[in-house]
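Colleague: Residue numbers (the numbering used here), protein chains in the order written: chain A, 922 to 1294; chain B, 922 to 1294.
2 protein chains.
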Amino acid sequence: MTMSVPAGELGTPYLRFDLDGLDRAYRAMRDALPEARVHYAMKCNPARPILARLRELGASFEIASAAELGELRAIGVPAAEVLFSNPVKVPAHVRQAWTAGVYRFAVDSDAELDKIASAAPGAAVYVRLATTAGGSAVPSEGKFGVGPGAAARLLRGARARGLRAYGITFHVGSQMTDPGAWADAIERCAAVMTGLRRTGIRLAMLDVGGGFPARYDSDVPDLRTYAKHIRTAIDRHVPYPVELVVEPGRALVAQAGVMVATVIGVARRGGARWAHLDVGAFNGFMEALETRTALRYPVCDSRDSPRRDSFHLTGPTCDSQDTVRYSVPLSADLAVGDRVYLQVAGAYTTAYASRFNGFDPPGLRFVCSAGAP
Amino acid sequence: MTMSVPAGELGTPYLRFDLDGLDRAYRAMRDALPEARVHYAMKCNPARPILARLRELGASFEIASAAELGELRAIGVPAAEVLFSNPVKVPAHVRQAWTAGVYRFAVDSDAELDKIASAAPGAAVYVRLATTAGGSAVPSEGKFGVGPGAAARLLRGARARGLRAYGITFHVGSQMTDPGAWADAIERCAAVMTGLRRTGIRLAMLDVGGGFPARYDSDVPDLRTYAKHIRTAIDRHVPYPVELVVEPGRALVAQAGVMVATVIGVARRGGARWAHLDVGAFNGFMEALETRTALRYPVCDSRDSPRRDSFHLTGPTCDSQDTVRYSVPLSADLAVGDRVYLQVAGAYTTAYASRFNGFDPPGLRFVCSAGAP
Chain A
922 MTMSVPAGEL
932 GTPYLRFDLD
942 GLDRAYRAMR
952 DALPEARVHY
962 AMKCNPARPI
972 LARLRELGAS
982 FEIASAAELG
992 ELRAIGVPAA
1002 EVLFSNPVKV
1012 PAHVRQAWTA
1022 GVYRFAVDSD
1032 AELDKIASAA
1042 PGAAVYVRLA
1052 TTAGGSAVPS
1062 EGKFGVGPGA
1072 AARLLRGARA
1082 RGLRAYGITF
1092 HVGSQMTDPG
1102 AWADAIERCA
1112 AVMTGLRRTG
1122 IRLAMLDVGG
1132 GFPARYDSDV
1142 PDLRTYAKHI
1152 RTAIDRHVPY
1162 PVELVVEPGR
1172 ALVAQAGVMV
1182 ATVIGVARRG
1192 GARWAHLDVG
1202 AFNGFMEALE
1212 TRTALRYPVC
1222 DSRDSPRRDS
1232 FHLTGPTCDS
1242 QDTVRYSVPL
1252 SADLAVGDRV
1262 YLQVAGAYTT
1272 AYASRFNGFD
1282 PPGLRFVCSA
1292 GAP
Chain B
922 MTMSVPAGEL
932 GTPYLRFDLD
942 GLDRAYRAMR
952 DALPEARVHY
962 AMKCNPARPI
972 LARLRELGAS
982 FEIASAAELG
992 ELRAIGVPAA
1002 EVLFSNPVKV
1012 PAHVRQAWTA
1022 GVYRFAVDSD
1032 AELDKIASAA
1042 PGAAVYVRLA
1052 TTAGGSAVPS
1062 EGKFGVGPGA
1072 AARLLRGARA
1082 RGLRAYGITF
1092 HVGSQMTDPG
1102 AWADAIERCA
1112 AVMTGLRRTG
1122 IRLAMLDVGG
1132 GFPARYDSDV
1142 PDLRTYAKHI
1152 RTAIDRHVPY
1162 PVELVVEPGR
1172 ALVAQAGVMV
1182 ATVIGVARRG
1192 GARWAHLDVG
1202 AFNGFMEALE
1212 TRTALRYPVC
1222 DSRDSPRRDS
1232 FHLTGPTCDS
1242 QDTVRYSVPL
1252 SADLAVGDRV
1262 YLQVAGAYTT
1272 AYASRFNGFD
1282 PPGLRFVCSA
1292 GAP
């Protein structure tokens, strides 16, 4: 059942998003880790029906900006439930969020502690620990996070500034296919907690972040395997009970979305066949550019011919960087006007879209597939 | 003199764009190649005051979509002057453009010829030749362009479909620092023209595309050097007089723009210093992501301290891919609230910006620096 066409686009491209698929993904996460509170990383797909459905399901949220908080408040999410997990925030956003009722803020620097002490006096802070793990399709490149020594120092510095030393967090990197990455990071968090306890600081929250993968064109470990690694590491290392938080994004929304595109051109160039779509890297598949060939969206087409041929799949702009996937098998007789369906497209697609070259971001259509597998 | 603040933003980030700098860049292009007609590649920066100023200066335009044509018509550009240079177009856009008066369309495939013959019967087409040159910071990766044999066949095919075989074009790749790249490509175009003449087809236009570089943090050859290579190759190889067209984008607008940003955080992580700005890859510096370290924006800061230190310059989102430049020398005492100026930022910045994580694209402020060097 089609519920709404918020983008007002009758044609393609559009993201067809299955809200019941979102239900299933949320329940899988909750069933795998019932002891954790789920804070959806809304940057991944901030469409309001997705936020509203997750709210109905009992999820909370993590944000990176005041604009994201505004979206949540518009659907009635209490600000006090929201984690401001961006370790470096626009000063005015801290003030706005604090005034609205957000009281928990991530930090990984002295400058951020000063900012929060000034804009949100008395707030609770959780420190972001650096991780060293490989195996993520979108590595973190050192942008956020500090070592255990600095983490402990920052939490002591929080207390010295009249802030509450509230928790510890990390991010293993998006689309992390090694469940062991969490275990290593939790052990490091636990060491910080053990050390801090000696100075009388007891943390309330362990936020193990996001990074849980979606299944693109190859299998990924089951969420229960991730949960087992997390639980075992906590049981083994964490010195006292804390609230456990997870911040999934991709794992909740990626598989519920299919990008529906139209073939606007086919061409043979230098021995290769190209299919040109009305969606490309700039108006929807920025991650194809960002991760080069790491994320391979499963693709099929409306012609569904038994005769297959290999196509490079590219976007509508005259920019050569606009290509989504190379060497994808599609119907050999693919022609202008055919539909191409890019699956597992619910995460980091519409969220990253620009209007480059005059091509609008994809529309959004929400469907419910209740009963579907 | 500040002329307008179209984005309605009082704060940062904003692109400060010097319209007189645009004048100077346009005149440099025209003086270097007075025999060429300049069609600005508007995708590069489609802000209306830029289009209007170029129009006043006598430039024409090249487009990739119906939306781009709409922007040009809004400022009174006659559609007949506009080149539709995207080799693969949305079918409805061909129809709309043809109805509006655009009559020249790029092609590089049979499917595109069929599309144009159907949507714009009798139109003029120019074929896109592939180039093989290296040396571009943004290589073309084979998305567009065919070999000389296929090019000749497509132009004969155009005639067979009742279209006008009008011209030939190529694109050496953006930010091309080897002026010899044009000479090679022109020689290939000339060979196609010579061959076609034997079948009674005489072309009207040689469009040598864009790719002329801007000066980022290192010198690039002078435009007159490019002009000399182009002129020499034409004199030597092109068999009969044709209208010469250039499609500069970056070379006209990059150096006229300065992105003004505010430091929202400073941090030391793993031995490296980071400066977090309110603009990053996703809301303005997508090319930093696209080309990794190839484009280095010159950077300075408002503190302008004699004591310097090396910073990684990153954006406001909680996405680790958001980094603009690594290891930039800035004031050692850089602090939250300081301004950072990213120069040579007029091209492919606001044009590529998304709203990821709730951070809006930069505003635009137009200034006139008449008399400045």
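C-beta atoms are modelled at their ideal positions from N, C-alpha and C, and glycine is treated no differently. Remember, it's a predicted structure, so these values are computed and weren't measured experimentally.
1. Tell me the rounded alpha-carbon separation between D1259 (chain A) and P970 (chain B).
2. Quick one: what does DSSP say A1045 (chain A) is sitting in, helix, strand or coil?
3. Give the DSSP bridge partners of T1244 (chain B), in chain order.
4. Who are the Cβ neighbours of E1108 (chain B) in its own chain at under 7 Å, not counting the five residues just before and after it?
5. T1235 (chain B) versus chain A: which residues are under 7 Å apart at the beta carbon?
6. To the nearest angstrom, how far is the alpha carbon of V1288 (chain A) from that of D941 (chain A)?
7. Please determine whether the Cβ atom of A1072 (chain B) lies at a distance below 6 Å from any heavy atom of the ligand SAM.
8. Which two residues bound the contiguous beta strand (DSSP E) that contains S1095 (chain B)?
9. Spell out whether any CB of chain B is found under 7 Å from the CB atom of G1186 (chain A).
10. Any Cβ of chain A within less than 7 Å of the Cβ of T1098 (chain B)?
11. Give me the subset of the stretch 1018-1044 of chain A whose CB atoms are less than 9 Å from a CB atom of chain B, sorted by chain position.
12. Confirm, please, whether the CB-CB distance from R994 (chain A) to L943 (chain A) is below 7 Å.
13. Could you give the distance in angstroms between the alpha-carbon of L1117 (chain A) and the alpha-carbon of A1073 (chain A)?
14. Taking any Cβ of chain B, which residues in the stretch 932-966 of chain A have a Cβ under 7 Å from it, in chain order?
15. Using only alpha-carbon positions, find the residue among A:D1128, A:L1210 and A:A1102 that is nearest to M1114 (chain A).
16. So, under 8 Å CB-CB, A1172 (chain B) and A946 (chain B) are touching, yes? Tell me the CB distance rounded to an integer number of Å.
17. Can you have a look at R1286 (chain A) and say buried or exposed, based on whether 16 or more other CB atoms are within 10 angstroms of its CB?
18. By alpha-carbon positions, which one of A:A980, A:V1046, A:P934 and A:F1277 ends up nearest to G1170 (chain A)?
19. Could you please give the first and the last residue of the uninterrupted beta strand (DSSP E) stretch that includes H1197 (chain A)?
20. Would you report the Cα separation of P1250 (chain A) and D1230 (chain A), rounded to the nearest angstrom?
21. Measuring straight from C-alpha to C-alpha, what distance separates A1045 (chain B) and R1276 (chain A)?
22. DSSP state of G1130 (chain A), grouped into three classes?
23. If you measure from the beta carbon of Y1218 (chain B) to each beta carbon in chain A, is any gap under 7 Å?
24. Within 10 Å of its beta-carbon, does P1294 (chain A) have 16 or more other beta-carbons around it, so buried, or fewer, so exposed?
25. Between P1008 (chain B) and A1032 (chain B), is the Cβ-Cβ spacing less than 7 Å?
26. With a floor of 4 residues, list each alpha helix (DSSP H) that falls wholly inside the stretch 931-1014 of chain A, ordered by position along the chain.
27. For chain B, check one thing: does any of its Cβ atoms lie closer than 7 Å to the Cβ of A1172 (chain A)?
28. Taking K1010 (chain A) as the reference, give the member of B:G1284, B:P1237, B:D1243 and B:L1263 with the closest Cα.
29. With respect to the alpha helix (DSSP H) encompassing I1037 (chain A), which residues constitute its N-terminal and C-terminal limits?
30. Buried or exposed for G932 (chain A), going by 16 or more other Cβ atoms inside 10 Å?
31. Show which residues of chain B have a CB atom less than 7 Å away from the CB atom of V1011 (chain A).
32. Could you name the residues of chain B that V1067 (chain A) contacts, counting a contact when the two beta carbons are closer than 9 Å?
33. What does the alpha-carbon distance come out to for the pair R1080 (chain A) and G1022 (chain A)?
34. Per DSSP, which residues does M1180 (chain B) bridge with? Please list them.
35. Quick check: what's the CA-CA separation for W1103 (chain A) versus Q1264 (chain B)?
36. Where K1036 (chain A) and I1185 (chain B) are concerned, what is the direct C-alpha to C-alpha distance, given to the nearest angstrom?
Modeller: Let me lay it out:
1. Rounded to the nearest whole angstrom, the C-alpha separation of D1259 (chain A) and P970 (chain B) is 39 Å.
2. DSSP places A1045 (chain A) in strand when its eight states are reduced to three.
3. Looking at the DSSP assignment, T1244 (chain B) forms a beta bridge with B:T1235.
4. A distance below 7 Å between beta-carbons, with the five flanking residues on each side excluded, links E1108 (chain B) to the following residues of its chain, in chain order: A1154 and H1158.
5. K1064, listed in chain order.
6. One C-alpha to the other measures close to 8 Å.
7. Of the ligands one can find in the structure shown there are none, so the ligand SAM has no counterpart to examine.
8. That run of the beta strand (DSSP E) goes S1095 to M1097.
9. Cβ-Cβ to chain B under 7 Å: yes for G1186 (chain A).
10. Closer than 7 Å to the CB of T1098 (chain B) there is not a single CB belonging to chain A.
11. Residues are counted here when their Cβ sits less than 9 Å from a Cβ of chain B; for the stretch 1018-1044 of chain A these are A1027, D1029, S1030, D1031, A1032, E1033, D1035 and K1036, given in chain order.
12. No.
13. One C-alpha to the other measures close to 6 Å.
14. Answer in chain order: K964.
15. Relative to M1114 (chain A), the option among A:D1128, A:L1210 and A:A1102 whose CA is nearest is A:D1128.
16. The pair is a contact, with the Cβ atoms about 6 Å apart (cut-off 8 Å).
17. Buried: at least 16 other Cβ atoms inside 10 Å.
18. Out of A:A980, A:V1046, A:P934 and A:F1277, A:A980 has the C-alpha closest to the C-alpha of G1170 (chain A).
19. In the DSSP assignment, H1197 (chain A) falls within the unbroken beta strand (DSSP E) covering A1193 to L1198.
20. Rounded to the nearest angstrom, the two C-alpha atoms are 5 Å apart.
21. Each residue's Cα considered, the two are about 28 Å apart.
22. Coil.
23. No, Y1218 (chain B) does not count as interfacial toward chain A.
24. With a pLDDT of only 47 at P1294 (chain A), under 50, the local geometry of the prediction cannot be trusted, and no value is derived from it.
25. No; because the gap between Cβ atoms is not below 7 Å, this pair is not in contact.
26. Runs of the alpha helix (DSSP H) inside the stretch 931-1014 of chain A: 940-953, 969-978 and 987-995.
27. With 7 Å as the cut-off, A1172 (chain A) does not count as an interface residue toward chain B.
28. The option with the nearest alpha carbon to K1010 (chain A) is B:P1237.
29. Per DSSP, I1037 (chain A) belongs to the alpha helix (DSSP H) from D1031 to A1040.
30. Exposed, by the Cβ-count rule.
31. Neighbourhood of V1011 (chain A) in chain B, by CB distance below 7 Å: I1185, D1199 and P1237, in chain order.
32. Ordered by position in chain B, the residues that pass the 9 Å Cβ test against V1067 (chain A) are A1188, R1189, R1190 and G1191.
33. Cα to Cα, R1080 (chain A) sits roughly 20 Å from G1022 (chain A).
34. The partner list for M1180 (chain B) (beta bridge, DSSP) reads B:L936 and B:L1263.
35. Rounded to the nearest angstrom, the two C-alpha atoms are 41 Å apart.
36. K1036 (chain A) and I1185 (chain B) have their alpha carbons spaced roughly 9 Å apart.
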